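Chemist: The numbering of the sequence shown is UniProt numbering, which starts it at 1 and goes up by one. There's a structure below that I have some questions on.
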Amino acid sequence: MASPSDLRIAVICSSNMNRSMEAHAFLSKKGFDVKSYGTGDKVKIPGSAADKPNIYDFGTSYEEIYLDLLQKDKSLYTQNGLLHTLDRNRRIKSHPEKFQECDEKFDILITCEERVYDQVVEYMESKTPTDNSIVHVINIDIQDNLEEAVIGAFFNK
Numbered sequence: 001m002a003s004p005s006d007l008r009i010a011v012i013c014s015s016n017m018n019r020s021m022e023a024h025a026f027l028s029k030k031g032f033d034v035k036s037y038g039t040g041d042k043v044k045i046p047g048s049a050a051d052k053p054n055i056y057d058f059g060t061s062y063e064e065i066y067l068d069l070l071q072k073d074k075s076l077y078t079q080n081g082l083l084h085t086l087d088r089n090r091r092i093k094s095h096p097e098k099f100q101e102c103d104e105k106f107d108i109l110i111t112c113e114e115r116v117y118d119q120v121v122e123y124m125e126s127k128t129p130t131d132n133s134i135v136h137v138i139n140i141d142i143q144d145n146l147e148e149a150v151i152g153a154f155f156n157k
């Protein structure tokens, strides 16, 4: 039987900030070879109001985002858990990554919502096959909040 580290897994959400990173952390601790990505145009996280999200380019480091939110409103972003989330993220990898810019091959792609699943399948269908390898694309709908991300990570095991 194959060991967990023999499977190459990608976990994908929209911004590579919450759901995919929670699953990334969980699966890594279980010994899986896992990477995480987002499919959105930008990294969008809650701001001071529902209609005022904080928006960053993919590639902006988690450290830079952390320091930006710390400077904007330490109390708000501590209370809503974003500073904790960013602290976890920067211990896993340096910055959010966009799935469509990734050249790696995976055995399993796990998406965290139907819209992301559709984007991943569309992207995969648009690529020219190089070796006819098989990839399994699985969607697990996880609401984009801190509590659901933790619960959703357990479904990925």
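Cβ coordinates follow ideal geometry from the N, Cα and C atoms, glycine included. Source: prediction; values computed, not measured.
Check residue 16 in the structure and name its three-state DSSP category.
Modeler: Along the sequence shown, read from residue 1 onward, the residue named residue 16 stands at position 16. Three-state DSSP puts residue 16 in coil, outside helix and strand.
Chemist: Is residue 22 buried or exposed, if buried means 16 or more other CB atoms sit within 10 Å of its CB?
Modeler: Counted from its first residue, the sequence shown places residue 22 at position 22. Looking at its Cβ environment, which holds 16 or more other Cβ atoms inside 10 Å, residue 22 is buried.
Chemist: Going by alpha carbons, who is nearest to residue 98 out of 13, 71 and 9?
Modeler: Translated into the one-based positions of the sequence shown, residue 98 becomes position 98. The residue with the shortest Cα to Cα distance from residue 98 is 13.
Chemist: Please work out which residues of its chain come closer than 6 Å, Cβ to Cβ, to residue 68, disregarding the five sequence neighbours upstream and downstream, and give them in chain order.
Modeler: Taking the sequence shown and counting its residues from 1, the one referred to as residue 68 is at position 68. Cβ neighbours of residue 68 beyond the five flanking positions: none.
Chemist: When DSSP labels each residue in this structure, what does residue 93 get in the three-state scheme?
Modeler: Locating residue 93 in the sequence shown gives position 93, counting from the first residue. Of the three classes helix, strand and coil, the one that applies to residue 93 here is coil, per DSSP.
Chemist: Restricting to Cα atoms, I'd like to know which of 110, 125 and 124 is closest to residue 142.
Modeler: Taking the first residue of the sequence shown as 1, we reach residue 142 at position 142. Of the listed residues, the one whose Cα sits closest to residue 142 is 110.
Chemist: Taking one C-beta from the stretch 61-76 and one from the stretch 29-38 each time, how about it: are there three or more such pairs within less than 8 Å?
Modeler: Contact fails: fewer than three Cβ-Cβ distances are below 8 Å.
Chemist: For residue 141, name the three-state secondary structure that DSSP assigns.
Modeler: Position 141 of the sequence shown, counting from 1, holds the residue named residue 141. It is coil, neither helix nor strand.
Chemist: Hey, could you find the ends of the beta strand (DSSP E) residue 135 is sitting in?
Modeler: Locating residue 135 in the sequence shown gives position 135, counting from the first residue. From DSSP, residue 135 is part of no beta strand (DSSP E); its letter is neither H nor E.
Chemist: Could you compute how far the alpha carbon of residue 56 sits from the alpha carbon of residue 66?
Modeler: By one-based count along the sequence shown, residue 56 stands at place 56. By one-based count along the sequence shown, residue 66 stands at place 66. Taking the straight line from one Cα to the other gives about 12 Å.
Chemist: Please report how far the alpha carbon of residue 80 lies from the alpha carbon of residue 120, in whole angstroms.
Modeler: Translated into the one-based positions of the sequence shown, residue 80 becomes position 80. Translated into the one-based positions of the sequence shown, residue 120 becomes position 120. Approximately 29 Å, taken between the alpha carbons.
Chemist: Pick helix, strand or coil for residue 7, following the three-state DSSP scheme.
Modeler: Mapped onto the sequence shown, residue 7 falls at position 7. Correct three-state label for residue 7: coil.
Chemist: Out of 71, 122, 130 and 128, point me to the one whose CA is closest to residue 137's CA.
Modeler: Residue mapping note: residue 137 aligns to position 137 of the sequence shown, counting from 1. Checked all of 71, 122, 130 and 128; the closest Cα to residue 137 is 122.
Chemist: Can you give me the C-alpha to C-alpha distance between residue 233 and residue 82, rounded to a whole angstrom?
Modeler: Residue 233 falls outside the range modelled here, since the chain spans only 1 to 157, and no answer is possible.
Chemist: Just reading off the beta strand (DSSP E) that residue 126 is part of, what are its end residues?
Modeler: Indexing the sequence shown from 1 puts residue 126 at position 126. That residue, residue 126, is in no beta strand (DSSP E); its alpha helix (DSSP H) goes 114-126.
Chemist: Within 10 angstroms of its Cβ, does residue 132 collect 16 or more other Cβ (buried), or is it exposed?
Modeler: In the sequence shown, the residue the question calls residue 132 occupies position 132. The residue is exposed, with fewer than 16 neighbouring Cβ atoms inside 10 Å.
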